[in-house]
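Protein chains in written order, with my numbering: chain A, 1 to 574; chain B, 1001 to 1303. The structure appears right after this line, and notes come after that.
Laid out in structure tokens, this is it:
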């Protein structure tokens, strides 16, 4: 009986550790190779505090949580500058370094032998010193870990994590400082893992470096992957199977040593086979049942009456004393290639302006410079009178300028509704503190945002697809989602990069009408890059003509197109 | 007074001797890391696969060398190590990575699958050959002294062979038709396809080259130390650290960064006890990536 209870305690503790890794790997989509170290930090902190200071186990657990959280945050900081592969490198390195430290800093960790005689936890005179009494404690700790994770996953914060996983630069272009979210999820994940680690220390009353080696980090990854990444119940399944399996192996004949090796072998094979044949794990993130049904949202959709004039814009006031966007002598070169030369543009408020020119003339580069995705070599960018040169994309969005992408870049692995919701500005649910201490405010905002999201979906006409995965929609529908997502940012200035490219005639017409309507009813200022000259003619009052990185002319689209010289440049007619 | 100067003189002399010895040791380990960096770098740069199983290639090659020398003369171990590495490396590419590409696996999925394979493979070594280390058999033990520093003939061979291999590889990449094809596939896959290059063949070639280099390194490593199941972990760690430190696209940079890592690791022993040397390596990587994310020896480029 005690043996079964013992295994249950283990499954509970491991499932909370795995859940914390699921936050980082499954939701934010970043591989952490040093999760065992976070557990180790929790375990050693708890053990040392209990032994040397004699404090209550709660204090040891909290101290471990904080220490591991700070460590996780520091570790995630370099992702400010570099891509995600570097985080793999850092976390493997950190794992090896800390493991080495556990072995060699004998004065603190007592080296290979580990720390023994950790006092069993006690609360109000009650001792948790055998599997039966420890089970409720482990259960409580697991429930707390799962509650924190659940709250984060279900919130706007969790939505941004998934958006980062799907497309980080698109997420930044919606006004999210993705670094902040990555640092926070590493801190939170590390902290929760440390809680699990301290539970392990208190339960076993003994810890050694072997419990926190690189193999254990891999083992935790296998549990996440097997249970199902980004599935809330996945960690329970993963931990139950992979903690239970080696226990079953114990009944096979053979020495304990061989069984340990066999277990390693099985973990490796399981990981490889799952990656080959079922990368989504046993419980996938999106169950098929939900994709098919879709009834749930329709009722909500009906309640939202599409309000005609919701042009009241609380977040941004149109200060007409400045042009909406002013670009002066912007230049950018890649190596020896000068992609943009001395480009100057002015967008007056409430007007649609076109940017046309032959392929590869630098139109998209101009967009990337204005939106902050690239930094210019020279020049000034002012958005609503404010200098936005060399500012990161999320700050540009916060100042009222958002952009769309030629290759739509919607978050394919999220529902259409989530796509729109993630674009909403100023969500207090994106702050962990508000999430746990102002739940009512978060809920109130969320329902308001939900209403707004349905309003935009109704506007573009895809409200019936709200609960489908955005990646499963047709190209035309995806363009509409991207447009609705862009509008949901509430930015008064929009940069549209080829909104009608690769679409059939019917959809092109529909999108032109939409853009016209949006500009008129919601008083948006729009800069439009478009290949289809008819689209530009139909929408823009003014257009800039670009060639080889320079602005050649500016005027009414009809005039520009009638100019034989420009036509020669555009069509390459000799 | 004269006592103090005498003590200082002895101390200074001791430090000089120590410094030279550490420098020599640093060059020896650095050469090994340089080969490791180049071998992993050419694979990563061309295929963008985070080839975790590279460490298993190293271990298998080391064991192949050690086991071969039980029967044959020691230099047969070199060919056994390179052969085993090439066979295993190409098998991983053909059976694992190609399948994953066909299934449209993401980079992370491929990385995790590779990690699973390496974990399972290392467990198999443990299962069949146990954890006791195996040295190369029949290796002549020649000690050499230069000035105040000591090293073995194996060390000299290690340094010379390592840099010769790196030089040959760089030459092949720069001059040969296939070398140019490798660089083309690595820098612009679409363009390379349009030029009629078959990326699958180039990938296989790159895995063979990288594995052969790492296999040779494994032989040299085994000759200096011995073979044991997790022997590949540290050289593998140094290999990708060197690649990210040197800058991904710059093969010569991987070699120089590897040498730098070896020197930092050994010279670091002056300030920290030997057990902590990996910490120095990690700190260098951490600081360099924050200050110069494109790598130490790479030309600064825009994203």
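Glycine residues also receive a C-beta, built at the ideal position from the N, C-alpha and C atoms.
Give the single residue among the options whose Cα lies nearest to the Cα of residue i.
i	options	result
residue 515 of chain A	A/506, A/496, A/503 and A/501	A/496
residue 1165 of chain B	B/1100, B/1106, B/1211 and B/1269	B/1211
residue 472 of chain A	A/232, A/414 and A/57	A/414
residue 161 of chain A	A/384, A/560 and A/24	A/24
residue 279 of chain A	B/1069, B/1041 and B/1100	B/1100
residue 188 of chain A	A/68, A/139 and A/265	A/68
residue 87 of chain A	B/1063, B/1050, B/1079 and B/1271	B/1050
residue 228 of chain A	A/55, A/534 and A/286	A/286
residue 1159 of chain B	B/1235, B/1173, B/1259 and B/1292	B/1259
residue 214 of chain A	A/36, A/552, A/452 and A/568	A/36
residue 113 of chain A	A/52, A/186, A/72 and A/211	A/211
residue 99 of chain A	B/1276, B/1133 and B/1292	B/1276
residue 521 of chain A	A/51, A/350 and A/172	A/350
residue 1222 of chain B	B/1048, B/1085 and B/1133	B/1133
residue 208 of chain A	A/66, A/277, A/267 and A/45	A/45
residue 261 of chain A	B/1056, B/1128, B/1020 and B/1002	B/1128
For chain B, check one thing: does any of its Cβ atoms lie closer than 8 Å to the Cβ of residue i?
i	result
residue 78 of chain A	yes
residue 223 of chain A	no
residue 459 of chain A	no
residue 450 of chain A	no
residue 91 of chain A	no
residue 218 of chain A	yes
residue 202 of chain A	no
residue 279 of chain A	yes
residue 561 of chain A	no
residue 88 of chain A	yes
residue 17 of chain A	no
residue 592 of chain A	What the structure shows of chain A is the stretch from 1 to 574, and residue 592 of chain A is not part of that stretch, so it cannot be assessed.
residue 351 of chain A	no
residue 109 of chain A	no
residue 394 of chain A	no
Could you check what DSSP says for residue i in three-state terms: helix, strand or coil?
i	result
residue 554 of chain A	strand
residue 340 of chain A	strand
residue 294 of chain A	Any answer about residue 294 of chain A is weak, because its pLDDT of 44 lies below 50 and its placement is not dependable; what the coordinates show is given next. Residue 294 of chain A: coil per DSSP, three-state reduction.
residue 345 of chain A	strand
residue 226 of chain A	helix
residue 61 of chain A	helix
residue 478 of chain A	helix
residue 95 of chain A	helix
residue 1150 of chain B	strand
residue 1103 of chain B	coil
residue 1228 of chain B	coil
residue 281 of chain A	coil
residue 1075 of chain B	coil
residue 431 of chain A	coil
residue 331 of chain A	strand
residue 415 of chain A	strand
residue 500 of chain A	coil
Just to check my reading of the structure: residue i and residue j have Cβ atoms closer than 8 Å, yes? What is that Cβ distance to the nearest angstrom?
i	j	result
residue 411 of chain A	residue 422 of chain A	7 Å
residue 156 of chain A	residue 395 of chain A	Rounded, the Cβ-Cβ distance is 19 Å, inconsistent with contact.
residue 1215 of chain B	residue 1118 of chain B	Not really, about 16 Å apart at Cβ, beyond 8 Å.
residue 330 of chain A	residue 369 of chain A	6 Å
Of all the CB atoms in chain A, is at least one closer than 8 Å to the CB of residue i?
i	result
residue 1275 of chain B	yes
residue 1123 of chain B	yes
residue 1289 of chain B	yes
residue 1116 of chain B	yes
residue 1060 of chain B	no
residue 1094 of chain B	no
residue 1127 of chain B	yes
residue 1297 of chain B	no
Is it a yes or a no for the region 172-186 of chain A touching the region 195-205 of chain A, going by three-plus beta-carbon pairs under 8 Å?
no
Are the region 85-101 of chain A and the region 28-39 of chain A touching by the rule of at least three beta carbon pairs closer than 8 Å?
yes
Do the region 1106-1117 of chain B and the region 1200-1219 of chain B make contact, defined as three or more Cβ pairs closer than 8 Å?
no
Contact between the region 231-242 of chain A and the region 1084-1095 of chain B: three or more CB pairs below 8 Å?
no
Contact the region 1245-1257 of chain B vs the region 1026-1044 of chain B: 3+ CB pairs below 8 Å:
yes
Quick check: the region 529-541 of chain A against the region 469-486 of chain A, are there 3 or more CB pairs under 8 Å?
no
Given 8 Å, three or more beta-carbon pairs between the region 353-366 of chain A and the region 540-560 of chain A
yes
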